[in-house]
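So for the sequence shown, the working numbering puts the first residue at 5; every next one is plus one.
Ideal placement from N, C-alpha and C gives every residue a C-beta, glycine not left out.
First up is the structure itself, then whatever we jot down about it.
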Amino acid sequence: MLTGPGCSSWKQKMAMRDSESQELVEQVRVATESGRQEQAAELLKRAVANNPNNAAVRQQLSEFLIANGYSEEAIQQLQRTTVLDPDDPRPYIDLSYLLYEKKQYTDALKNLELGLNLDPTNIRALILKGELEELAGLNGTAIETYHRVLQVDPYNIVSRLKLASLEIKMGEHNRATPILRPICHNNSATIDQRAEAQWLLGIAYGADRRWSDSVASLEQSLKNRKDVTADDWYRVAYACLQDGQMEKVYPAVTQALTLNPMHTETNRLSHFLTQQNQPTQIQQASMYTPLQQPGFIRQAPQPIPIQTLTPPQGWEWAARGPEASDLLPLQ
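This is the structure in structure tokens:
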């Protein structure tokens, strides 16, 4: 241990450097609030250069870099921060998110585990852990991780949506519905989150062959759902067809084929609809499909039984029809 005048002088120098660094950090705050981002970045770099072993200043610099999109620079600062202060979980978790965005999943998980060892109940870290487990195909483990989030925060909407989506993916739609219903009417949820909950609820109802409820939930979701795909519109069309709401099938088919004229399942559905003697209604739906005039010239196409239409993903077993003993009581 250092003692004597030399030690006292060293401590004074370090205290002075810390004070100067903190003054620079305060100037960074003022510059940032005033919208002078470039000046703020330079001040933070000066603060780090002034006291390179100050982990707190490096952490602040990395947070600034992340907020302003400088991910490569932030990774370098965070890696150095974990060395300077190995007992702080924040740099490990921040680093994990940046590595995840760069698709360096193994390194992301490695740092994430280090962060969770220091802070086992960190919700942000647990949610990323669940996402990484899903990417690895460890769905059962991911479900356990999302339940860990809900043990810390029972009303965490992000985790609830991810958990419900996984339950549906694994065929446990009856476990998903009680998770999703409260989100649909939760004012603390964002519009996007409520739309996602409505959509997943519609899928869960469809898996249980509750087609009327499925159509209602899917339609409600579409009012606010972003980036609707041809697959999504085909799901709506299929649910409407199963529920006998034919007046809603045609617009959904049109929407799907407008987005993707070559969508295989929708084209087969369009072919099926042309057989129903509804030429006026199907005209618009068939506008974009190469099956508008299927078969050889002057030869009627082969009929397509409704049972041969391909159900949307997750509804395959519903179309087959489960045994009565396989049905679980509704939640």
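When the Cα of residue i is compared with those of the options, which residue comes out closest?
{"i": "Glu4", "options": "His275, Leu170, Ser192", "result": "Examination of residue 4 is not possible in this model, given that the chain is present from 5 through 335 alone."}
{"i": "Gln259", "options": "Ala234, Met250, Asp157", "result": "Ala234"}
{"i": "Arg229", "options": "Gln279, Ala146, Tyr109, Gly206", "result": "Gly206"}
{"i": "Arg164", "options": "Thr145, Arg185, Gly144", "result": "Arg185"}
{"i": "Thr314", "options": "Ile195, Leu245, Gln81", "result": "Leu245"}
{"i": "Asn159", "options": "Gly141, Ile183, Asn143, Thr145", "result": "In the sequence as presented, Asn is not what sits at residue 159; that position holds Tyr. Nearest of Gly141, Ile183, Asn143, Thr145 to Tyr159, Cα basis: Ile183."}
{"i": "Ile131", "options": "Leu122, Leu82, Lys166, Gly141", "result": "Lys166"}
{"i": "Gln202", "options": "His189, Asn190, Ser225, Leu113", "result": "Ser225"}
Which residues in the same chain have their Cβ closer than 6 Å to the Cβ of residue i, if we skip the five residues on either side of it in sequence?
{"i": "Ala208", "result": "Ile172, His177, Ala180, Thr181"}
{"i": "Ala193", "result": "Ile161, Ile187"}
{"i": "Asp2", "result": "Residue 2 falls outside the range modelled here, since the chain spans only 5 to 335, and no answer is possible."}
{"i": "Ala168", "result": "Ala180, Ile183, Leu184, Leu204"}
{"i": "Pro66", "result": "The sequence given here places Ser at residue 66; Pro does not occur at that position. Cβ neighbours of Ser66 beyond the five flanking positions: Ala78, Gln81, Leu82."}
Taking Cβ to Cβ, would you say residue i is nearer than 9 Å to residue j?
{"i": "Ser218", "j": "Ala243", "result": "yes"}
{"i": "Asn57", "j": "Leu88", "result": "yes"}
{"i": "Asn121", "j": "Ile97", "result": "no"}
{"i": "Asn72", "j": "Ala45", "result": "yes"}
Which residues in the same chain as residue i place their Cβ atom closer than 7 Å to its Cβ, once the five residues preceding and following it in sequence are excluded?
{"i": "Glu77", "result": "Leu69"}
{"i": "Arg84", "result": "Arg62"}
{"i": "Thr125", "result": "Val156"}
{"i": "Arg94", "result": "Gln63"}
{"i": "Tyr109", "result": "Leu136, Leu139"}
{"i": "Asp111", "result": "Leu103"}
{"i": "Tyr101", "result": "Leu132"}
Consider the C-beta atom of residue i and the heavy atoms of the ligand COA; say whether any pair is separated by less than 8 Å.
{"i": "Gly144", "result": "Within the structure as shown, the ligand COA is missing, as the structure has no ligands at all."}
Considering only residues of the same chain and omitting the five flanking positions on each side of residue i, which have a CB-CB separation below 8 Å?
{"i": "Thr270", "result": "Ala234, Trp237, Tyr238, Ala241, Val257, Ala260, Leu261, Asn264, Thr293"}
{"i": "Ala220", "result": "Gly206"}
{"i": "Ile301", "result": "The predicted model places Ile301 with a pLDDT of 37, which falls under 50 and marks its position as unreliable, so this point remains unresolved."}
{"i": "Asp231", "result": "none"}
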